[in-house]
Amino acid sequence: MTDLQAVADRVEIEALRGEFADAGMMRDYDRFAALFTDDAVWRVPAVGAEFAGRDAIRAGIERLLGDLWDYLVQGTHPGVVRLDGDTATGRAYVLSFGRLGDGGSHLNYSVYHDRYRRTPDGWRFSERVDEVLYVDTSPLAGGPPG
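So in full-length UniProt numbering, the last one in the sequence shown is 146, and the numbering has no gaps at all.
See below:
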């Protein structure tokens with residue numbers, strides 16, 4: 001692999017992580033699921049969720065966002081990426097906050113532990129585990145405009 005290829009791979013993986021946050025916030029469930037390999041696993045231990053396979057991941061994100069959140073804002077901050085040919089591992093740091101469907105507030109900081117795989121459609125998640133490091137359920141001072 002050339003240095004230029006490694007740079008391109010890192011840019012594509014960072015774009016993948018950005019797409020994850022965007023697809024979730026936009027509730028674009030099909031796009032969200034397409035970011036994973038067919039045999040991927042997505043785990044969110046803080047809410048006891050584990051989804052195996054693209055179809056289960058699609059149903060899982062729709063259920064989680066539809067049932068739990070009135071709105072959710074998520075910002076992903078770059079972390080490490082370690083390339084190994086057509087696979088890679090990495091971490092990304094995330095701030096998530098919003099209002100829950102029951103009116104409660106939620107803010108958390110977490111780290112995603114990722115495994116990536118190069119596919120004919122580009123880099124995809126083969127595993128993503130959300131490890132929550134900090135939670136605050138104090139009422140948020142603000143909200144959506146209007």
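Where is the CB? At the ideal position from N, CA and C, for every residue including glycine.
- Here the C-alpha atom of A8 lies approximately 26 Å from the C-alpha atom of L95.
- When the five nearest sequence neighbours on each side are left out, the beta carbons in the same chain lying within less than 7 Å of the beta carbon of G18 are those of T76, in order along the chain.
- In the assembly as shown, L4 is an exposed residue. Its beta-carbon has fewer than 16 other beta-carbons within 10 Å.
- V132 sits close to S110, with the two beta carbons spaced by under 8 Å.
- Runs of the alpha helix (DSSP H) spanning 4 or more residues and lying entirely within the UniProt domain "SnoaL-like" (7-128) occur at 29-34 and 54-68, in chain order.
- At a Cβ-Cβ threshold of 8 Å, D67 and R99 do not count as neighbours.
- Within the same chain, Cβ atoms closer than 8 Å to the Cβ of T37 are found at R54, R117, T119, R124, F125 and S126, the five residues on either side in sequence being excluded.
- Inclusion of D114 and T87 in the CB contact set at 8 Å is not warranted, their separation being larger than that value.
- Collapsing the DSSP output to three states places L4 in a helix.
- Taking a C-beta distance under 8 Å as the contact criterion, A15 and L83 do not qualify as a contact pair.
- Distances from the CA of R43 to each of D130, S138 and A141 were compared; the closest alpha carbon is that of D130.
- With respect to I61, G24 sits close: the two C-beta atoms are nearer than 8 Å.
- Nearest neighbour of L107 by Cα position, chosen from E12, R31, I13 and L140, turns out to be L140.
- Distance from the Cα of V11 is smallest, within the candidate group F97, Y93, P145 and G79, for G79.
- The beta carbon of G122 sits closer than 8 Å to the beta carbons of E12 and L16 from its chain, once the five residues preceding and following it are set aside; these are given in chain order.
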